[in-house]
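J.:
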Amino acid sequence: MISELFSELEHLKENGTIKDEENFSPSFDISIVLRDIFKLSKTDYLIGKDFTVSENDYSKALQALNDLKALKPVQYITGKCEFMSLEFIVNENTLIPRPDTEILVEYILNHFKQNSNRELRILDIGTGSGCIAVSLVHYLKNARAVCIDISEEALSVAEENAKAHKLSDKITFLRHNILSGFPESDFEFDCIVSNPPYIETSVVSTLEENVKGYEPISALDGGKDGLIFYREIINSCKLKKGGLLAFEIGYNQGGTVSELFNKSGRFKDIEITKDLSGNDRVVSAVFTGGITNNNLRNTE
Ligand code: GLN
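To convert, note that position 23 of the sequence shown is 103 in this note's numbering; the numbers rise steadily by one, no gaps.
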């Protein structure tokens with residue numbers, strides 16, 4: 081019976097094994113995994129409706145509780161995450177989509193809302209779960225996207241997400257390491273978007289256990305100064321004149337990333353957008369053409 085599991089949980093709460101803290105709310109995560117496994121509505125969960133559960137589901141639930149105790153993110157346990165009001169499949173080969181990244185997607189949607197009848201070509205660099213490209217193509221009806229990532233495993237999750245949202249015919253996937261140069265393309269892009277790894281290598285080991293212990297390090301580590309991907313993309317990207325390059329950035333990278341755009345000499349309208357906590361979160365700029373006048377790759 082599910083009530084047995086609930087009394088076990090009560091016991092864990094009473095003896096302090098499950099304790100909610102400011103940024104960590106295991107009781108909430110537990111409700112998510114249990115509702116997911118037993119297909120329970122919020123109300124049924126809250127009133128503790130009792131019913132018989134299969135042995136298989138019961139052991140799944142116990143495993144999930146152990147995983148939560150070991151700080152595994154709830155999204156990796158359920159294999160799902162909501163982003164831009166859409167559901168995405170995730171696993172440990174992909175970063176968990178963050179609300180901060182919705183600021184980036186909304187910025188781009190807003191930028192192109194006047195042009196929504198025109199066909200738009202988007203390139204998503206380091207697509208991970210594909211959450212950015214899939215949301216953009218879902219909400220911008222005339223958009224198509226190319227998604228690249230260095231990880232084959234991440235690309236197959238992104239492909240599944242495109243399929244789940246019936247966008248497979250509008251999104252293509254390519255395994256490519258952006259640090260080895262800009263990918264070849266038959267057309268110029270209207271928009272390049274990226275939420276690249278941007279954490280300084282020395283800071284990665286200081287991240288919370290639920291992040292560094294489970295999320296792919298290659299999706300987090302932005303090199304010695306955290307800027308390696310911004311430098312490379314700003315330096316090597318090819319866009320339509322007037323096209324948009326938009327990045328998610330770390331809270332303290334607004335100034336340095338704007339400066340990289342500035343130094344390249346081929347962008348205008350450099351703009352920083354803040355997230356809901358008031359931190360710099362997105363830097364974008366409009367492509368004016370030309371080749372970079374500054375070899376950004378060689379500057380640290
Ligand atoms: N584009 C994906 C996201 O925003 C993955 C980003 C990454 O792996 N750095 O979630």
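Just so you know, even glycine gets a beta-carbon here, dropped at the ideal spot from N, CA and C.
Can you find the residues in the same chain that come closer than 6 Å, C-beta to C-beta, to residue 131, ignoring five residues on each side of it along the sequence?
T.: Taken in chain order, the residues that qualify are 82.
J.: Just the C-alpha distance for residue 238 and residue 262, rounded to the nearest angstrom, thanks.
T.: If I take the Cα positions, the gap works out to 20 Å.
J.: Kindly indicate if chain C contains any beta-carbon less than 8 Å away from that of residue 225.
T.: Checking the listed chains, one finds no chain C in this structure; it contains a single protein chain.
J.: Going along the chain, which residues of its own chain have a beta-carbon closer than 7 Å to the beta-carbon of residue 328, five neighbours each way excluded?
T.: Here the set comprises 180, 181, 184, 275, 361 and 362.
J.: If you pair each beta-carbon of the region 196-206 with each one of the region 214-230, do three or more pairs fall below 8 Å?
T.: At 8 Å Cβ cutoff, the stretches touch.
J.: Is it buried or exposed for residue 123, if we count other Cβ within 10 angstroms and need 16 for buried?
T.: Exposed: under 16 other Cβ atoms inside 10 Å.
J.: Would the region 104-124 count as touching the region 145-158 if we require 3 or more Cβ pairs under 8 Å?
T.: Contact between the region 104-124 and the region 145-158 is present, because at least three Cβ pairs lie under 8 Å.
J.: Which runs of the alpha helix (DSSP H) spanning at least 4 residues fall entirely within the region 281-351, listed in chain order?
T.: If we require 4 residues or more, the alpha helix (DSSP H) runs fully inside the region 281-351 come out as 281-284, 289-292, 308-316 and 334-344.
J.: With a threshold of 16 other CB atoms inside 10 Å of the CB of residue 150, please say whether the residue is buried or exposed.
T.: Residue 150 should be labelled exposed.
J.: How is residue 378 classed by DSSP in three states: helix, strand or coil?
T.: Note that residue 378 scores 47 on pLDDT, short of 50, meaning its location in the model is unreliable; the coordinates nonetheless yield the value given after this. Residue 378: helix per DSSP, three-state reduction.
J.: Taking three-plus beta-carbon pairs below 8 Å as touching, is the region 340-356 in contact with the region 243-260?
T.: The region 340-356 vs the region 243-260: no contact.
J.: Do you know offhand how far residue 277's Cα is from residue 317's?
T.: Each residue's alpha carbon lies about 17 Å from the other.
J.: Taking 7 Å as the line, does the beta carbon of residue 95 fall inside it for any heavy atom of ligand 1?
T.: Not under cutoff, so the answer is no.
J.: If we require 3 or more residues per run, which beta strand (DSSP E) segments fall completely within the region 158-224?
T.: With a minimum length of 3 residues, the continuous beta strand (DSSP E) runs that stay inside the region 158-224 are 160-163, 166-169 and 200-205.
J.: Under the rule that 16 or more other beta-carbon atoms within 10 Å means buried, what is residue 365, buried or exposed?
T.: Buried, by the Cβ-count rule.
J.: According to DSSP, simplified to helix, strand and coil, what is residue 87?
T.: Correct three-state label for residue 87: helix.
J.: Would you kindly report the start and end of the unbroken alpha helix (DSSP H) that includes residue 118?
T.: Segment 106-118, the alpha helix (DSSP H) holding residue 118.
J.: Pairing CB atoms from the region 330-348 with CB atoms from the region 300-313, are three or more of them under 8 Å?
T.: Yes: at least three Cβ pairs fall under 8 Å.
J.: From 250, 174 and 294, pick the residue whose C-alpha is nearest to that of residue 233; which is it?
T.: Nearest option by C-alpha distance: 174.
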